[in-house]
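To keep things clear, I will list the structure first and then write my remarks on it.
In the working numbering, the protein residues as written are 225 to 506.
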């Protein structure tokens with residue numbers, strides 16, 4: 225899978241993008257088709273993202289999903305229809321084996337990134353493992369999470385940065401962590417989740433979507449190998465993470481501008497101007 229993610233002939237970043245949670249088949253297929261049009265044009269390796277179930281919600285009456293098997297089958301249909309890999313979150317060791325029958329990448333949620341049994345089960349399922357960095361961990365600490373996967377016989381592993389707890393109800397991204405974590409594995413920047421404002425007074429997570437491009441540009445500039453963006457045709461009516469998702473019709477323009485930035489940085493690096501102490505993804 226890492227070979228696919230670095231397959232852009234121009235050296236572009238790769239993209240994990242899709243809705244927060246699978247709400248239905250038509251919705252998932254239409255988002256994947258729209259994103260794929262942009263990524264094909266821009267030579268961006270693309271992975272469709274969708275959670276088959278949301279296990280971490282602010283309130284007990286929050287939407288969690290349409291049913292595990294139904295959502296997983298939709299994820300597989302997206303992959304088969306468009307010939308692209310798909311990624312979804314898992315929450316328990318038992319889910320690793322179940323989800324691996326339908327998807328290509330197993331994602332470990334940030335709050336679970338230190339759960340040894342979950343990391344080992346994901347590694348042994350034979351799929352690439354994407355570990356989200358806990359909001360409570362330093363970049364250096366992610367070395368141990370990555371090593372658990374490698375020691376379980378799986379070298380296909382990546383780290384996703386998604387912000388660090390800043391006060392009680394906000395997150396901040398420390399971009400010093402990107403070159404640090406690239407020593408251990410390819411690094412993905414989760415743009416939209418890093419702009420969350422968890423557990424607001426109404427029991428609903430808030431967000432700062434107006435800063436999506438700011439965070440994305442900084443991630444590309446500081447050497448992120450890939451970016452992660454949740455997107456929806458109409459975030460206002462999305463059943464999860466409505467406050468921080470990117471409206472789907474804005475994604476193409478954002479990806480175009482990020483590609484221009486990436487190519488400019490690549491040109492500087494090729495001319496001997498690289499500032500990064502870490503090697504690029506190879």
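Note that CB positions come from ideal geometry on N, CA and C, so glycine has one too.
In whole angstroms, what separates the C-alpha of residue i from that of residue j?
i           : j           : result
residue 394 : residue 305 : 38 angstroms
residue 232 : residue 442 : 21 angstroms
residue 383 : residue 468 : 21 angstroms
residue 301 : residue 496 : 44 angstroms
residue 271 : residue 299 : 11 angstroms
residue 422 : residue 253 : 29 angstroms
residue 347 : residue 296 : 19 angstroms
residue 246 : residue 450 : 22 angstroms
residue 470 : residue 454 : 6 angstroms
residue 433 : residue 243 : 15 angstroms
residue 392 : residue 323 : 33 angstroms
So, helix, strand or coil for residue i, using DSSP?
i           : result
residue 313 : strand
residue 325 : coil
residue 376 : coil
residue 393 : coil
residue 262 : helix
residue 413 : strand
residue 356 : strand
residue 349 : coil
residue 382 : strand
residue 289 : coil
residue 450 : strand
residue 506 : Low local confidence applies: a pLDDT of 49 at residue 506 is under 50, so the model's placement there is unreliable, and no value is given.
residue 430 : strand
residue 361 : coil
Taking DSSP's pairing of strands, which residues face residue i in a bridge?
i           : result
residue 418 : DSSP output for residue 418 lists no bridge partner at all.
residue 455 : 470
residue 257 : Answer is none; residue 257 lacks a bridge partner.
residue 270 : 239
residue 388 : 396
residue 332 : 355
residue 245 : 275
Taking all protein chains shown into account, decide if residue i is buried (16 or more other Cβ within 10 angstroms of its Cβ) or exposed.
i           : result
residue 341 : exposed
residue 460 : exposed
residue 480 : exposed
residue 487 : exposed
residue 331 : buried
Beta-carbon of residue i versus every beta-carbon of chain B: anything under 9 angstroms?
i           : result
residue 315 : No chain B is part of this structure, which consists of one protein chain only.
Exercise for the section: Count the CB pairs spanning the region 289-298 and the region 264-278 that are closer than 8 angstroms, and state whether there are at least three. Expected result: yes
Problem - the region 471-480 in contact with the region 259-268 per 3-pair CB rule at 8 angstroms - result: yes
Practice task
Spell out a yes or no on whether the region 309-323 and the region 364-384 are touching, meaning 3 or more CB-CB pairs, one atom from each, closer than 8 angstroms.
Solution key: no
Handout entry: Given 8 angstroms, three or more beta-carbon pairs between the region 372-381 and the region 411-418
Key = no
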